[in-house]
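Engineer: The structure is given below, and queries will be raised subsequently.
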Amino acid sequence: MRVQRWTRTSKLFTAGTLVAALVLAGVPLVFESDVVQKLTTLLILVLLAVMWNALAGYGGLLSVGQQAFIGIGAYGTVFFAAQGVSPYVAMLLATLLAGAISVPISLFALRLRAAQFAIGMWVIAEVISILVRLDQNLGAGTGISLIQLNQYEPNFRQAYTFWLALAFTVIFLAALFFLLRSPLGASLQAIRDDEDAARSLGVRVAARKRLLFVLAGFGCGAAGVLVVANTLFIEPSSVFSVQWSAYMIFMVLVGGLGTFEGPILGAILLFAIQTTFTQGGPWYLVGLGATAALFALALPRGLWGTIEERLGLRLLPVGYRVVEARRDETAA
Amino acid sequence: MTVANAVLQGVFLGAFYAVLACGLSIMFGVMRIINLAHGDVAVLGAYIVYVIVERTGVPAFVAFAVALPVMVLLGYVLQLTVLERSLKSGILTPLLATFGLSIVIQNLLQLVFSPDVRSLGGSAGSVTTASWQVTSGLSVSALGLLVLVVAVLLFAALQLFLSKTRAGWIMRATAEDADAAELAGIDSRSVYARATAIAVGIAALGGLFLGIRSVFDPVSGPTQLIFAFEAVVIGGMGSLWGTLLGGIALGVAQTVGAQIHPQFAVMAGHLLFLAVLIVRFGGGRLVLRTA
Numbered sequence: 004m005r006v007q008r009w010t011r012t013s014k015l016f017t018a019g020t021l022v023a024a025l026v027l028a029g030v031p032l033v034f035e036s037d038v039v040q041k042l043t044t045l046l047i048l049v050l051l052a053v054m055w056n057a058l059a060g061y062g063g064l065l066s067v068g069q070q071a072f073i074g075i076g077a078y079g080t081v082f083f084a085a086q087g088v089s090p091y092v093a094m095l096l097a098t099l100l101a102g103a104i105s106v107p108i109s110l111f112a113l114r115l116r117a118a119q120f121a122i123g124m125w126v127i128a129e130v131i132s133i134l135v136r137l138d139q140n141l142g143a144g145t146g147i148s149l150i151q152l153n154q155y156e157p158n159f160r161q162a163y164t165f166w167l168a169l170a171f172t173v174i175f176l177a178a179l180f181f182l183l184r185s186p187l188g189a190s191l192q193a194i195r196d197d198e199d200a201a202r203s204l205g206v207r208v209a210a211r212k213r214l215l216f217v218l219a220g221f222g223c224g225a226a227g228v229l230v231v232a233n234t235l236f237i238e239p240s241s242v243f244s245v246q247w248s249a250y251m252i253f254m255v256l257v258g259g260l261g262t263f264e265g266p267i268l269g270a271i272l273l274f275a276i277q278t279t280f281t282q283g284g285p286w287y288l289v290g291l292g293a294t295a296a297l298f299a300l301a302l303p304r305g306l307w308g309t310i311e312e313r314l315g316l317r318l319l320p321v322g323y324r325v326v327e328a329r330r331d332e333t334a335a
Numbered sequence: 011m012t013v014a015n016a017v018l019q020g021v022f023l024g025a026f027y028a029v030l031a032c033g034l035s036i037m038f039g040v041m042r043i044i045n046l047a048h049g050d051v052a053v054l055g056a057y058i059v060y061v062i063v064e065r066t067g068v069p070a071f072v073a074f075a076v077a078l079p080v081m082v083l084l085g086y087v088l089q090l091t092v093l094e095r096s097l098k099s100g101i102l103t104p105l106l107a108t109f110g111l112s113i114v115i116q117n118l119l120q121l122v123f124s125p126d127v128r129s130l131g132g133s134a135g136s137v138t139t140a141s142w143q144v145t146s147g148l149s150v151s152a153l154g155l156l157v158l159v160v161a162v163l164l165f166a167a168l169q170l171f172l173s174k175t176r177a178g179w180i181m182r183a184t185a186e187d188a189d190a191a192e193l194a195g196i197d198s199r200s201v202y203a204r205a206t207a208i209a210v211g212i213a214a215l216g217g218l219f220l221g222i223r224s225v226f227d228p229v230s231g232p233t234q235l236i237f238a239f240e241a242v243v244i245g246g247m248g249s250l251w252g253t254l255l256g257g258i259a260l261g262v263a264q265t266v267g268a269q270i271h272p273q274f275a276v277m278a279g280h281l282l283f284l285a286v287l288i289v290r291f292g293g294g295r296l297v298l299r300t301a
């Protein structure tokens, strides 16, 4: 018996992912700006799905309030840009702000369990949304534009935003990937599998959860930054909408809760659905809600979890696998 | 004087929140789950009453008497089809499944009834307009008083049901320890289904009051869920009378908050909720815990 992490498939695929990221970086040089804008939306979805999965899939923390950080990222960008810093610097500052705010929130929120945490986070998002609505400088309830981005020529602006989205996605995916592969990651996956058992083995559950919560705060903040950079206009009712949580839950449940690759698959699926049903509308949302509920009940490991189980496939390996030793090895 | 009036109106508003929260509290008490579609179920109840009123012209209260059995049956079926399954697989699954259900209900309501705002106020008779002026700054509305009386009677009836009837004992036993109850020959599935049926029926009553007090639309549910959950938490999760007091505390916080600034009403309720959570679960130990 041997314990291994990499297989030939996963080596090829991980290399392929890196190549894909490089190829994606070339997209704005070749394609029209509407394609670039759509791909930026896809990257935002990937980022959100991966971050929500980090919380729920590994930390067992089901949040219905991650739109709090999306809103902080988006409104933070507008705020810093209004102070006179360059819009792209404002975007980095806003991401840091979202991550920083997640620390004090975590002190309080992580004491709550299950539904209390889920709805507690939702109420926190509502409180932040009300604070924004009360601030005339942030456009109050009617919304505000990121006018500072108009100084860039539209095609360049779209390209810069796309590269920023690509950089954020790669950075946060890589951060989670290496986090899960580190010795810390083993304890995170142990918490995912059985929190009480992990605690009894001496895993510092609270500290690990805080790490994931702050990572997700940064990540969702970054996604909010990208939302305002991609659409140039935000209003509290859309950017703080619980709809974001609905999308995140759909992507992660369909893709595969607690798997590394699943949320990426889920984001691509949601993106494909959104591009097909461009009118959106109630039927489309009925479908999303029903699918999410069905997956939660009938296929809790999602599409990717099921594929992984059936085929033993690992593309971006964060765990280990036990394989039968080959005959020649046993002989030796 | 305005503060006294704000408190009084807060009590009336809070009684409404307590009715909304009551079903949530029962389901948490019996099954330890929170139904994230609870607010949408209440709004669905309001729409069913609305349809009956529109078709037949009967007063809203009569229409509710017709809608109630439908909603109770719906709750029973909901438990046996969706919630029963979700109970078996961890604490997150019921939340995920009911969140999905919430989106489904909201958007089906959009499809059937359009996003227009509706109200039941016009079909509830003179109770919506009557009020008594106690002193110059203090007025008691008939509707507020009615909701308060109904809320108190509702909680008292539930208390009697749980403490005096056999079905109530069985429900309490199942809530205490479902496995032990099973050993004593109790079918926990049917107890859970009854609990959800009661909860959904009471949610419909909350929907009726929502429609009479103000207006509703297909996406009113999530806000009602948040207020209901806040009432449950403020009153202490799992405590029935606590939920009534929690609802009233939330209502008073909102109306007194509105005195400070109209936009501060909902905020004051949220802050009270978060403060209760901090006190109850923070326990003065707001330090970085490492283990």
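Protein chains in written order, with the numbering used here: chain F, 4 to 335; chain X, 11 to 301. Ideal placement from N, C-alpha and C gives every residue a C-beta, glycine not left out. Being a predicted model, the structure only gives us computed values, none of them experimental.
May I ask you to report which of helix, strand or coil DSSP gives residue 145 (chain X)?
Structural biologist: strand
Engineer: Using DSSP with H/G/I as helix, E/B as strand and the rest coil, what is residue 247 (chain X)?
Structural biologist: coil
Engineer: Could you tell me which of X:187, X:259 and X:85 sits nearest to residue 212 (chain X), measuring between CA atoms?
Structural biologist: The option with the nearest alpha carbon to residue 212 (chain X) is X:85.
Engineer: Mind checking who residue 150 (chain X) pairs with in its DSSP beta bridge?
Structural biologist: X:142
Engineer: Just the Cα atoms here: how many angstroms apart are residue 91 (chain F) and residue 129 (chain F)?
Structural biologist: Distance between residue 91 (chain F) and residue 129 (chain F), taken at the CA atoms: about 27 Å.
Engineer: Counting only beta-carbon atoms, is residue 22 (chain F) nearer than 7 Å to chain X?
Structural biologist: no
Engineer: How close, in whole Å, do the beta carbons of residue 242 (chain F) and residue 74 (chain F) come, if the pair is a contact with beta carbons under 8 Å?
Structural biologist: 5 Å
Engineer: Taking all protein chains shown into account, decide if residue 59 (chain X) is buried (16 or more other Cβ within 10 angstroms of its Cβ) or exposed.
Structural biologist: buried
Engineer: Taking a Cβ distance cut-off of 7 Å, strictly less, list which residues of the stretch 44-72 of chain X are near chain F, in chain order.
Structural biologist: When C-beta distances to chain F are compared with 7 Å, the residues of the stretch 44-72 of chain X below that value are 44, in chain order.
Engineer: Pull the bridge partners of residue 82 (chain F) from the DSSP assignment, please.
Structural biologist: BP columns for residue 82 (chain F) are empty, so no partner.
Engineer: Only counting runs of 4 or more residues, tell me where the alpha helix (DSSP H) segments fall wholly within the stretch 7-63 of chain F, in order along the chain.
Structural biologist: 11-28, 30-33 and 36-56
Engineer: With C-beta atoms as the reference, is residue 121 (chain X) less than 7 Å away from residue 239 (chain F)?
Structural biologist: For residue 121 (chain X) and residue 239 (chain F), no; Cβs fall outside 7 Å.
Engineer: If we cut at 7 Å on Cβ distances, does residue 249 (chain X) have a partner in chain F?
Structural biologist: no
Engineer: So, with DSSP's three-state summary, where would you put residue 89 (chain F)?
Structural biologist: coil
Engineer: Leaving out five residues on either side along the sequence, give the residues of the same chain with a beta carbon under 6 Å from the beta carbon of residue 234 (chain X).
Structural biologist: 30, 49 and 52
Engineer: Taking C-alpha atoms, which residue in F:162, F:65, F:89 and F:144 lies nearest to residue 41 (chain F)?
Structural biologist: F:162
Engineer: Quick check on this structure: which residue in F:287, F:254 and F:260 has the alpha carbon closest to the alpha carbon of residue 271 (chain F)?
Structural biologist: F:254
Engineer: Contact check, residue 95 (chain X) vs residue 300 (chain F) under 8 Å by CB: the rounded distance?
Structural biologist: That belief holds up - the Cβ atoms of residue 95 (chain X) and residue 300 (chain F) are roughly 5 Å apart, short of 8 Å.
Engineer: Let me know if residue 70 (chain F) comes out buried or exposed under the rule of 16 or more other beta-carbons within 10 Å of its beta-carbon.
Structural biologist: With 16 or more other Cβ atoms within 10 Å, it is buried.
Engineer: In whole angstroms, what is the alpha-carbon distance linking residue 6 (chain F) and residue 186 (chain F)?
Structural biologist: Their Cα atoms are separated by approximately 16 Å.
Engineer: Could you compute how far the alpha carbon of residue 244 (chain X) sits from the alpha carbon of residue 256 (chain X)?
Structural biologist: 5 Å
Engineer: Go ahead and pull the three-state DSSP assignment for residue 226 (chain X).
Structural biologist: strand
Engineer: So is residue 107 (chain X) in contact with chain F if we call contact Cβ pairs under 7 Å?
Structural biologist: yes
Engineer: Check residue 105 (chain F) in the structure and name its three-state DSSP category.
Structural biologist: DSSP places residue 105 (chain F) within a helical segment (H, G or I) once states are collapsed to three.
Engineer: Which of the three DSSP states, helix, strand or coil, is assigned to residue 128 (chain X)?
Structural biologist: Shown here, residue 128 (chain X) sits in a strand according to DSSP, grouped into three states.
Engineer: Identify which residue in F:17, F:133, F:83 and F:113 has its Cα closest to the Cα of residue 143 (chain F).
Structural biologist: F:133
Engineer: Please report how far the alpha carbon of residue 151 (chain F) lies from the alpha carbon of residue 87 (chain F), in whole angstroms.
Structural biologist: 9 Å
Engineer: Hey, could you find the ends of the alpha helix (DSSP H) residue 185 (chain F) is sitting in?
Structural biologist: Boundaries cannot be given for residue 185 (chain F), as no alpha helix (DSSP H) includes it and DSSP labels it neither H nor E.
Engineer: Would a C-beta distance cut-off of 7 Å place residue 262 (chain F) and residue 308 (chain F) closer than the cut-off?
Structural biologist: yes
Engineer: From X:237, X:251 and X:227, pick the residue whose C-alpha is nearest to that of residue 262 (chain X); which is it?
Structural biologist: X:237
Engineer: Going straight from the alpha carbon of residue 36 (chain F) to that of residue 297 (chain F), what length do you get?
Structural biologist: Taking the CA atoms as reference points, residue 36 (chain F) sits about 37 Å from residue 297 (chain F).
Engineer: From F:269, F:168, F:156 and F:289, pick the residue whose C-alpha is nearest to that of residue 56 (chain F); which is it?
Structural biologist: F:269
Engineer: Within 10 Å of its beta-carbon, does residue 311 (chain F) have 16 or more other beta-carbons around it, so buried, or fewer, so exposed?
Structural biologist: buried
Engineer: Which residues, taken in chain order from the stretch 249-268 of chain F, show a beta carbon closer than 7 Å to some beta carbon of chain X?
Structural biologist: 249, 252 and 256
Engineer: Out of F:257, F:230, F:256 and F:235, point me to the one whose CA is closest to residue 244 (chain F)'s CA.
Structural biologist: F:230
Engineer: When the Cβ atoms of the stretch 213-232 of chain X are set against those of the stretch 36-43 of chain X, are three or more pairs found closer than 8 Å?
Structural biologist: no
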